[in-house]
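Chains as they are written, first to last, in numbering that gives the first Met the number 0: chain A, 0 to 144; chain B, 0 to 144; chain C, 0 to 84; chain D, 0 to 84.
Report on the structure given below.
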Amino acid sequence: MIRVSVDPAPIALGVEVAALEEGGAGGVATFTGVVRTDDGVEALELEHYPGMTEAALCALAEAAVARWNLLGVSIVHRVGRMTAGERIVFVGTAAAHRREALDSCAYLIDRLKTDAPFWKREWLAGGTRWVEPRAGDEEAAAVWS
Amino acid sequence: MIRVSVDPAPIALGVEVAALEEGGAGGVATFTGVVRTDDGVEALELEHYPGMTEAALCALAEAAVARWNLLGVSIVHRVGRMTAGERIVFVGTAAAHRREALDSCAYLIDRLKTDAPFWKREWLAGGTRWVEPRAGDEEAAAVWS
Amino acid sequence: MGLTMLYFAWVRERVGAGEERVDPPEGVQTVAGLIEWLSARSDGHAAAFAAPSRLRAAIDQRFVPLDAALNGAREVAIFPPVTGG
Amino acid sequence: MGLTMLYFAWVRERVGAGEERVDPPEGVQTVAGLIEWLSARSDGHAAAFAAPSRLRAAIDQRFVPLDAALNGAREVAIFPPVTGG
Numbered sequence: 000m001i002r003v004s005v006d007p008a009p010i011a012l013g014v015e016v017a018a019l020e021e022g023g024a025g026g027v028a029t030f031t032g033v034v035r036t037d038d039g040v041e042a043l044e045l046e047h048y049p050g051m052t053e054a055a056l057c058a059l060a061e062a063a064v065a066r067w068n069l070l071g072v073s074i075v076h077r078v079g080r081m082t083a084g085e086r087i088v089f090v091g092t093a094a095a096h097r098r099e100a101l102d103s104c105a106y107l108i109d110r111l112k113t114d115a116p117f118w119k120r121e122w123l124a125g126g127t128r129w130v131e132p133r134a135g136d137e138e139a140a141a142v143w144s
Numbered sequence: 000m001i002r003v004s005v006d007p008a009p010i011a012l013g014v015e016v017a018a019l020e021e022g023g024a025g026g027v028a029t030f031t032g033v034v035r036t037d038d039g040v041e042a043l044e045l046e047h048y049p050g051m052t053e054a055a056l057c058a059l060a061e062a063a064v065a066r067w068n069l070l071g072v073s074i075v076h077r078v079g080r081m082t083a084g085e086r087i088v089f090v091g092t093a094a095a096h097r098r099e100a101l102d103s104c105a106y107l108i109d110r111l112k113t114d115a116p117f118w119k120r121e122w123l124a125g126g127t128r129w130v131e132p133r134a135g136d137e138e139a140a141a142v143w144s
Numbered sequence: 000m001g002l003t004m005l006y007f008a009w010v011r012e013r014v015g016a017g018e019e020r021v022d023p024p025e026g027v028q029t030v031a032g033l034i035e036w037l038s039a040r041s042d043g044h045a046a047a048f049a050a051p052s053r054l055r056a057a058i059d060q061r062f063v064p065l066d067a068a069l070n071g072a073r074e075v076a077i078f079p080p081v082t083g084g
Numbered sequence: 000m001g002l003t004m005l006y007f008a009w010v011r012e013r014v015g016a017g018e019e020r021v022d023p024p025e026g027v028q029t030v031a032g033l034i035e036w037l038s039a040r041s042d043g044h045a046a047a048f049a050a051p052s053r054l055r056a057a058i059d060q061r062f063v064p065l066d067a068a069l070n071g072a073r074e075v076a077i078f079p080p081v082t083g084g
């Protein structure tokens with residue numbers, strides 16, 4: 000099962016996890032990115048490249064399935080404007096054994112950071128700013144190649 | 000936030016994830032163990048050592064907090080009898096950055112397998128059998144020491 | 000035979016549009032050449048493309064390095080490094 | 000001064016009880032010695048403790064190796080390798 004979604008609606012984590020668990024797997028690993036409440040960011044805006052984004056996420060899911068023995072993969076990315084505490088991204092994997100689920104989940108979020116065309120803009124009290132990529136993201140993604 | 004629970008009631012994943020997300024973290028990683036539906040197992044029975052179990056899980060959560068910069072740790076283990084498709088165990092971690100959440104989540108489930116006094120018995124069509132430890136579990140736990 | 004250009008994030012903001020049709024001359028053969036040629040179209044283009052090292056690109060919805068050849072491209076996107084997830 | 004013994008999983012089943020009070024003699028100083036001494040109590044005990052390499056132990060709710068000293072122990076648990084998670 001591969002589920003990929005790019006949607007302005009809030010991410011329904013329960014629905015995604017249930018879909019992964021229904022596959023009869025022994026283990027489900029997930030990572031959820033949440034808009035942080037700490038550094039004065041009131042809202043986050045996610046822009047993306049329609050068409051290419053979905054293709055990039057499908058390619059990522061297929062690469063994970065080719066590399067690990069998985070029963071399910073879900074990648075859900077929210078777009079548009081969201082506020083502190085809301086979910087930005089959800090990746091989840093289901094496998095017979097925990098190592099495959101854990102490793103493939105880490106792979107998906109590391110690679111998603113560099114391989115999918117999304118851009119974040121932060122809304123602060125004083126205005127907005129485009130988020131710069133984090134220095135470690137390229138290295139984290141490169142670990143898997 | 001540390002939450003540890005050993006309970007015969009079904010694991011309420013939504014409640015656990017919400018508690019982790021409420022901490023203001025940027026990332027939440029989870030692993031959920033589910034009773035597999037594949038190998039003829041109709042039910043699973045989890046026995047544990049009351050008192051020692053809770054202490055072992057608290058010690059594990061505290062070890063994770065000492066090692067990574069975490070905003071939240073949840074460990075929930077079900078005990079008693081459960082059927083195929085039901086959740087056995089949930090571990091979840093919340094952190095400002097994804098690597099800490101992902102690594103500490105993997106640590107918790109790897110160490111839980113060897114460090115907490117639980118015993119699994121499978122119910123099959125022909126009777127019951129106590130589960131033998133998997134050969135790789137000791138090595139997986141040792142990776143973290 | 001023209002090209003559809005797409006711009007995202009602060010590149011889009013500086014150019015002042017998310018999409019435009021362009022018809023580069025024969026001599027423009029790579030993404031880098033296209034960026035240089037587009038810089039002359041307006042002050043906004045010039046501002047968007049002033050520092051090519053800060054730009055990334057896709058040809059027909061696949062990431063490519065800036066020295067990638069355009070041959071046969073129908074859609075070229077220029078944008079900052081991605082920051083999803 | 001006696002000890003509380005706890006048994007889990009198939010050790011509990013073979014012994015036929017999950018808990019018992021015992022009062023080992025002075026010469027019993029380690030978990031391994033205790034297991035050997037307990038083996039004589041019944042056929043069930045003998046069956047449970049026949050292969051010490053398959054047994055694990057805890058003293059006062061902490062995992063210990065089988066050669067751990069008992070001194071001061073109030074609660075000793077004997078069980079198979081754990082299989083949680």
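Positions of the beta carbon are idealized from the N, C-alpha and C atoms, including for glycine.
Under the three-state DSSP convention, the category residue i falls into
| i | result |
| --- | --- |
| B/A28 | strand |
| B/T127 | strand |
| D/L69 | coil |
| A/W143 | coil |
| B/D38 | coil |
| C/R13 | helix |
| C/A46 | helix |
| A/A105 | helix |
| A/G23 | coil |
| B/A11 | coil |
| D/P51 | helix |
| A/A18 | helix |
| D/A8 | helix |
| B/G135 | helix |
DSSP beta-bridge partners of residue i
| i | result |
| --- | --- |
| D/L2 | D/V21 |
| C/A56 | C/V63, C/I77 |
| B/V64 | According to DSSP, B/V64 bridges with nothing at all. |
| B/K112 | Answer is none; B/K112 lacks a bridge partner. |
| A/E44 | A/R80, A/R120 |
| B/D6 | B/R77 |
| D/T29 | D/A68 |
| B/V33 | B/R86 |
| B/I1 | B/V72 |
Short CB-CB distance (under 9 Å) between residue i and chain B
| i | result |
| --- | --- |
| D/A57 | yes |
| D/P80 | yes |
| D/G84 | yes |
| D/R20 | no |
| A/E20 | yes |
| D/A76 | yes |
is_contact[residue i, chain D] using C-beta, thresh 9 Å
| i | result |
| --- | --- |
| B/T113 | yes |
| B/I10 | no |
| B/E131 | yes |
| B/R120 | yes |
Cβ neighbour criterion (16 or more within 10 Å) applied to residue i
| i | result |
| --- | --- |
| C/R55 | buried |
| A/D136 | buried |
| B/S144 | exposed |
| A/G71 | buried |
| C/G8 | Sequence check: residue 8 of chain C is Ala here, not Gly. The residue in question, C/A8, is buried, as its Cβ has 16 or more Cβ neighbours within 10 Å. |
| A/E20 | buried |
| A/E41 | exposed |
| B/G26 | buried |
| C/V10 | buried |
| D/R20 | exposed |
| D/P79 | buried |
| A/L123 | exposed |
| B/P116 | buried |
| B/G91 | buried |
| A/R86 | buried |
| B/T31 | buried |
| B/R80 | exposed |
Any C-beta of chain A under 9 Å from that of residue i
| i | result |
| --- | --- |
| C/F7 | yes |
| C/A67 | no |
| C/A46 | no |
| B/T36 | yes |
Contact list for residue i against chain E, beta-carbon separation under 7 Å
| i | result |
| --- | --- |
| C/Q60 | Here the protein chains are A, B, C and D, and chain E is not one of them. |
CB contact below 9 Å: residue i versus chain C
| i | result |
| --- | --- |
| A/I108 | yes |
heavy atom of the ligand GTP below 8 Å from residue i C-beta
| i | result |
| --- | --- |
| B/V33 | Looking for the ligand GTP in the displayed structure turns up nothing, as the structure carries no ligands at all. |
### Query
Can you give, in chain order, each stretch of the beta strand (DSSP E) that sits fully within the segment 51–102 of chain B and has at least 3 residues?
69–77, 79–82, 86–94
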